[in-house]
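J.: Numbering-wise, the numbering used here puts 52 at position 35 of the sequence shown, and it's gapless, one number per residue.
Following this message is one structure expressed as structure tokens.
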Amino acid sequence: MAFQPLEARDALGRNLTYGLLDRLGLLIVGGAYADRPFPTEAELSEAHGVSRSVTREAVKMLTAKGLVSARPRQGTIIQPDSQWNLFDPDVLRWMLERRFSIDLLTHFGQLRVAIEPAAAALAAREATEDGLALIRAGFARMRAADAGQDDVLEADVAFHVAILKASGNPFFGQFRDVVSTALKTSIRYTNRIVGRSADLAAHEAVMEAILARDGQTAQARMRVIIEDALDAIRLNEEALA
18 MAFQPLEARD
28 ALGRNLTYGL
38 LDRLGLLIVG
48 GAYADRPFPT
58 EAELSEAHGV
68 SRSVTREAVK
78 MLTAKGLVSA
88 RPRQGTIIQP
98 DSQWNLFDPD
108 VLRWMLERRF
118 SIDLLTHFGQ
128 LRVAIEPAAA
138 ALAAREATED
148 GLALIRAGFA
158 RMRAADAGQD
168 DVLEADVAFH
178 VAILKASGNP
188 FFGQFRDVVS
198 TALKTSIRYT
208 NRIVGRSADL
218 AAHEAVMEAI
228 LARDGQTAQA
238 RMRVIIEDAL
248 DAIRLNEEAL
258 A
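Below you can see the structure in the form of structure tokens.
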């Protein structure tokens, strides 16, 4: 009888766990259990063709993300969405895939307005040379993407995340997944209106203000970028729906 190496078995177990986690997360966020009980461990194991240990780990991960909770004599129940960890990248993705709405897109934009201009101002004051190099590299990717030599979406995300990191504030840095998810989603929809490429001139203006150590201008210019996207969403709700 042939045995898989331990590393291969561990990887397979993680893949099965994350696969089940993803399926269950999408079902929960999509409302599949809104009017029926969440399955037991045995039922999940049988329905999805995985072991009890895989099922147990997946449910633990759902619990950590705030989607379910275990209660004595009640089993595992779905938590109200007010208890979900909205900053968890998996929860964000599930919501955008199964519960997308213009309101949700607007809420993402409002969160970005609260975070990114302040991060740009901090980056102008606090960024190290390495941080500035990351911002330059992000913008270089955006320029290359505009010429068809890089991915437009990934380049835009790289630029914005570089600014969060360059701010020097670890709390802003932790918002990178939220900003990345929000940006990827908003671009997917606003591109229907404003075209495929990001506004290079506007992003370059932010970068130049940061490089000049002008925090006030960097903050104002970043705010304009995000508010322009929000305005596009508000003015074109029917086209985006």
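Every residue gets a Cβ at the ideal spot worked out from N, C-alpha and C, and that includes glycine.
Measure the alpha-carbon distance for residue 60 versus residue 203 and round it to whole angstroms.
T.: 38 angstroms
J.: Ordered along the chain, which non-local residues of its own chain (more than five positions away) have a Cβ less than 6 angstroms from that of residue 190?
T.: Excluding residues within five positions, the ones whose Cβ falls inside 6 angstroms are 181 and 182.
J.: Where does residue 123 sit, in a helix, a strand or coil, going by DSSP?
T.: helix
J.: What does the Cβ neighbour count give for residue 220, buried or exposed, with the cut at 16 atoms within 10 Å?
T.: buried
J.: Where does residue 99 fall in DSSP's three states?
T.: In the structure shown, residue 99 adopts helical secondary structure according to DSSP, grouped into three states.
J.: Which same chain residues end up closer than 8 angstroms to residue 123 when comparing Cβ atoms and leaving out the 5 residues on each side of it in sequence?
T.: If the five residues before and after residue 123 are omitted, its C-beta is found closer than 8 angstroms to the C-beta atoms of 247, 250 and 251, all from its own chain and listed in chain order.
J.: Between the Cα of residue 196 and the Cα atoms of 133, 98, 47 and 115, which residue gives the shortest distance?
T.: Scanning 133, 98, 47 and 115 for the CA closest to the CA of residue 196 turns up 133.
J.: Which value, in whole angstroms, describes the spacing of the CA atoms of residue 235 and residue 138?
T.: The straight-line gap separating the alpha-carbon atoms of residue 235 and residue 138 is approximately 6 angstroms.
J.: Using 8 angstroms as the threshold, is the stretch 109 to 119 in touch with the stretch 43 to 55, meaning 3 or more CB pairs across them?
T.: yes
J.: Near residue 88, which residues of its chain fall below 8 angstroms by C-beta distance, leaving aside the five closest residues on each side in sequence?
T.: 94
J.: Rounding to the nearest angstrom, what Cα-Cα distance links residue 107 and residue 135 in this structure?
T.: Using only the alpha carbons, I get a separation of about 26 angstroms.
J.: At a cut of 8 angstroms, does the stretch 166 to 174 reach the stretch 137 to 151 through at least three beta carbon pairs?
T.: no
J.: Is residue 78 near residue 38, with beta carbons less than 8 angstroms apart?
T.: yes
J.: Can you list, in chain order, the residues of its chain whose CB lies under 6 angstroms from that of residue 286, leaving out five sequence neighbours each side?
T.: As shown, the chain starts at 18 and ends at 258. That puts residue 286 outside it, with no answer to give.
J.: Is residue 36 closer than 8 angstroms to residue 84 when the C-beta atoms are compared?
T.: no
J.: Buried or exposed for residue 184, please, with buried defined as at least 16 other CB atoms from any protein chain shown within 10 angstroms of its CB.
T.: Classification for residue 184: buried.
J.: If contacts are defined as beta-carbon pairs under 8 angstroms, then residue 160 and residue 178 qualify, I think. What distance do you get, rounded to the angstrom?
T.: Wrong, their Cβ atoms sit about 17 angstroms apart, outside the cutoff.
J.: Among the candidates 216, 120, 152 and 157, whose CA atom is the shortest distance from the CA of residue 253?
T.: 120
J.: Is residue 86 helix, strand or coil by DSSP?
T.: If DSSP states are grouped into helix, strand and coil, residue 86 belongs with the strands.
J.: Check whether the Cβ atoms of residue 228 and residue 151 sit closer than 8 angstroms, and answer yes or no.
T.: no
J.: Decide if residue 56 is buried, meaning its Cβ has at least 16 other Cβ atoms within 10 Å, or exposed.
T.: With 16 or more Cβ atoms within 10 Å of its Cβ, residue 56 is classed as buried.
J.: In chain order, what residues of the same chain have a beta carbon less than 7 angstroms from the beta carbon of residue 156, not counting five sequence neighbours either side?
T.: Contacts found: 176, 220, 221 and 224.
J.: Quick check on residue 64: buried or exposed, where buried means 16 or more other Cβ atoms within 10 Å of its Cβ?
T.: exposed
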